[in-house]
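Novice: Have a look at this one before I ask anything.
Protein chains: 2
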Amino acid sequence: MTRVPMKCRVCRGPAVIDLKRHNANFCREHFVAYCEEQVRRAIHHFRMLEPGERVLVAVSGGKDSLACWDLLVRLGYAVEGFYLGLGIDTYSDDSLAAATRFADARGLTLHVVDLETTHGFTIPVAAGATHRSPCGACGLSKRHEFNRVARDLGFGVLATGHNLDDEAAVLLGNVLRWETDYLARQHPCLPAEGGFVRKIKPLYRLGEREMAAYCILEGIDYQVDECPMAAGNRHIGFKETLNDLERRSPGSKAAFLFGFLDRMAPLLAQADGPGDAEVHACAGCGEPTTGDVCAFCRLRDKARA
Amino acid sequence: MTRVPMKCRVCRGPAVIDLKRHNANFCREHFVAYCEEQVRRAIHHFRMLEPGERVLVAVSGGKDSLACWDLLVRLGYAVEGFYLGLGIDTYSDDSLAAATRFADARGLTLHVVDLETTHGFTIPVAAGATHRSPCGACGLSKRHEFNRVARDLGFGVLATGHNLDDEAAVLLGNVLRWETDYLARQHPCLPAEGGFVRKIKPLYRLGEREMAAYCILEGIDYQVDECPMAAGNRHIGFKETLNDLERRSPGSKAAFLFGFLDRMAPLLAQADGPGDAEVHACAGCGEPTTGDVCAFCRLRDKARA
């Protein structure tokens, strides 16, 4: 059996990647153009950004967030990075190093906050003290600090590197339990309201494998390791389930996520929800919350006790 | 390691089955009572039947449809069976034999229609002639003949043996593509309208494994083979996916299906749909259709051409 060399869909030159769900192959140049186009479409479709707008991108040092930063800069936005130190041993050290290398090589600004230095606790300590899962404590801390720092630095919009695989896995988790409140909030662009900055996910049209390929082709030296505390979490299981479905029927993941956004999200938005609880400033930190003291302040207080 | 014998949740006698999603074990007697109770709840919750109402149950000779017939009789309904001969070689012969044995042993009435004798074609021939999948041609034929025969025999309601696993798998298939029209119609009780009899699924709360156990414990000698034409169809793949999820997290399937029925189905029902197309009698057979000639008549004409 001889293998026919793949040709780029655009220029018919030698291809470096095949995208089964698009039934297409691309050379390096046109794959990068394809990624740019997907981000451009995402931004346009959900009106995520004004041309040239200032954006803070939350970077973990992994492939997705660094690719997100890179792509937004390519598309002409004024992007600065924010890294939150979680205190997860060498994993956190290596992640910060990757984010710093990326920013330094490109002359970009990276803001760094370390949970331990600023708030006196780490994720492993918080998880142990509160009997939460580490992923729960981490998600809560990130949501809080991303919003706080974006506001403190005067950004109106925060971008995260959630890709198609991430979003489809979260969707599957929410659908399997029909968490209609979470479903109603799962959107690539959440408008600013009540002390929350706008939150956008410019990579929701691009898969995990595509983001790894983008980084490799663009010479972005990212943190390859997965977080050691996330092993075995439900989210990873849902990704495996979706990968099985994708293998059997290429395009399944995209059909699942995009179909939800096209046909189900509007329906959920028009449904009578439970009504938004009133949001006001946390007595501890001033960030928006529905209680007196926000969940982050309570987590921090327990972790430091 | 010594294995602790399982005890029945109800009587503490020796158990014969463990139901992980209920975290419960049952002896034979209380397992049968559990199955009855689940069917009673299904009927009550969706107002499927009036007490003692006449029901036609569609039987394939497999475990689910025979268990459905058995359980409805136990609960005091006046149930007759209907078997549709599909012409799938020895599989169809064996299936009819199982249904006949069941009915004869209990003095119940089984109505039989054979597609080839009555309509001049078999499912394998129809699938070949129309380039449909066999499952597509079979589903279409069943929907048509179940409704036609129920009406001809004067029944106002048709029961099918769809179980929790079937319904969850169909739901997953529809959700993965967000087929909102199909989702809006996926319900354990579809009321009679425009020439269609009421359609009910009294087993939607009971899993596949439970129905196999029920038949074995009740001495129901069912057709064990799966249909040879269904091998590799999408539905079976979705069942495997859900079985994987269930293994990781017992109760997933039930949470998925019941959550949909509780929280999503009402939302879909209240949404502005595309509007029901007008239904009238098929020029060929008189059954309800939205076209001039119904899909079954067109299938039959192609299969006989």
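As given, the protein sequences belong to chains A and B, one line each in that order.
Throughout the first sequence, residue numbering follows the working numbering, covering 899 to 1203 in sequence.
Throughout the second sequence, residue numbering follows the working numbering, covering 899 to 1203 in sequence.
The C-beta atom is built at its ideal place from N, Cα and C for all residues, glycine as well.
(1) Output the boundary residues of the beta strand (DSSP E) element that contains Phe980 (chain A).
(2) Taking 8 Å as the CB-CB limit, is Gly1157 (chain A) close to chain B?
(3) Could you tell me which chain A residues have their CB closer than 8 Å to the CB of Ala1169 (chain B), listed as they occur along the chain?
(4) Just to confirm, is the Cβ distance from Tyr1112 (chain B) to Asn1061 (chain B) under 8 Å?
(5) From the DSSP output, in three-state form, read off Cys1192 (chain A) for me.
(6) Here's the rule: buried if 16 or more other CB atoms are within 10 angstroms of the residue's CB, otherwise exposed. What is Gly979 (chain A)?
(7) Taking only three categories from DSSP, how would you classify Leu973 (chain B)?
(8) Could you please tell me which residues of the region 1117-1150 of chain B, in chain order, have their CB closer than 8 Å to any CB of chain C?
(9) Ends of the beta strand (DSSP E) at Asn1045 (chain A)?
(10) When you check each C-beta in the region 1092-1111 of chain A against every C-beta of chain B, which residues fall closer than 9 Å?
(11) Whose C-alpha, out of B:Gly950, B:Cys906 and B:Gly1093, is nearest the C-alpha of Glu1176 (chain B)?
(12) With respect to the beta strand (DSSP E) encompassing Phe924 (chain A), which residues constitute its N-terminal and C-terminal limits?
(13) Which ranges does the beta strand (DSSP E) cover as unbroken runs of at least 3 residues, wholly within the region 1105-1171 of chain A, from first to last along the chain?
(14) Could you please tell me which residues of the region 1052-1083 of chain A, in chain order, have their CB closer than 7 Å to any CB of chain B?
(15) Would you mind sorting Gly983 (chain A) into buried or exposed? The rule is 16 or more other CB atoms within 10 Å of its CB.
(16) DSSP on Ile915 (chain B), reduced to helix/strand/coil?
(17) Return helix, strand or coil for His1085 (chain A), following the three-state DSSP convention.
(18) Chain A beta carbons: is any one of them nearer than 8 Å to that of Ala1153 (chain B)?
(19) For Pro1086 (chain B), is the classification buried or exposed, using 16 other Cβ atoms within 10 angstroms of its Cβ as the cut-off for buried?
(20) Tell me whether Phe1000 (chain A) sits in a helix, a strand or coil according to DSSP, three-state version.
(21) Could you tell me whether the region 1060-1080 of chain A touches the region 1154-1166 of chain B, where touching means 3 or more Cβ pairs closer than 8 Å?
(22) So, using beta-carbon positions, are Ala1020 (chain B) and Ala956 (chain B) closer together than 8 Å?
(23) Interface residues of chain A around Arg919 (chain B) at Cβ under 9 Å?
(24) So Met1162 (chain B) contacts chain A; which residues on that side make the cut at Cβ distance below 8 Å?
(25) Could you round the C-beta distance between Pro1100 (chain B) and Leu970 (chain B) to whole angstroms and report it? I think they count as a contact, below 8 Å.
(26) Looking only at its own chain, which residues have a Cβ that is under 7 Å from the Cβ of Gly1182 (chain A), when we skip the five neighbours before and after it?
(27) Let's see if you can read the secondary structure: which residues bound the alpha helix (DSSP H) around Ala1025 (chain B)?
(28) Going by Cα to Cα distance, which pick from B:Val914, B:Glu1043 and B:Arg919 is closest to Gly1149 (chain B)?
(29) Return yes when the Cβ of Arg1096 (chain A) is within less than 8 Å of the Cβ of Ala1089 (chain A), no when it is not.
(30) Using 8 Å as the threshold, is the C-beta distance between Leu1240 (chain B) and Leu1166 (chain B) below it?
(31) I need the DSSP call for Ala1066 (chain A), collapsed to helix, strand or coil.
(32) Under the DSSP definition of a beta bridge, which residues are partnered with Ala846 (chain B)?
(33) With 16 as the cutoff for other CB atoms within 10 Å, does Pro1032 (chain B) come out buried or exposed?
(34) Taking all protein chains shown into account, decide if Val1055 (chain A) is buried (16 or more other Cβ within 10 angstroms of its Cβ) or exposed.
Specialist: Well, looking at it:
(1) Ala976 to Gly983
(2) yes
(3) Leu1165, Gln1168 and Ala1169
(4) no
(5) coil
(6) Buried is the call here.
(7) coil
(8) As a matter of chain content, chain C is missing from the structure shown, whose protein chains are A and B.
(9) Segment Pro1032 to Asp1050 is the alpha helix (DSSP H) holding Asn1045 (chain A); no beta strand (DSSP E) there.
(10) none
(11) B:Gly1093
(12) Ala922 to Phe924
(13) none
(14) Val1073, Leu1074, Arg1075, Trp1076 and Thr1078
(15) buried
(16) strand
(17) Look at His1085 (chain A) here: in three-state DSSP terms it is coil, with no helix or strand label.
(18) yes
(19) buried
(20) helix
(21) yes
(22) A quick correction: the sequence has Thr, not Ala, at residue 1020 (chain B). No; because the gap between Cβ atoms is not below 8 Å, this pair is not in contact.
(23) Near Arg919 (chain B) there are no residues of chain A at all, since even the closest Cβ is about 14 Å away, more than 9 Å.
(24) Trp1076 and Thr1078, listed in chain order.
(25) 6 Å
(26) Val1191, Cys1192 and Cys1195
(27) Ile1021 to Thr1028
(28) B:Arg919
(29) Per the sequence presented here, residue 1089 (chain A) reads as Pro, with Ala not at that position. Using a Cβ distance threshold of 8 Å, Pro1089 (chain A) and Arg1096 (chain A) count as a contacting pair.
(30) The question about residue 1240 (chain B) has no answer, for chain B in this structure spans 899 to 1203.
(31) helix
(32) Nothing in the structure corresponds to residue 846 (chain B), since chain B is present only between 899 and 1203.
(33) buried
(34) In the assembly as shown, Val1055 (chain A) is a buried residue. Its beta-carbon has 16 or more other beta-carbons within 10 Å.
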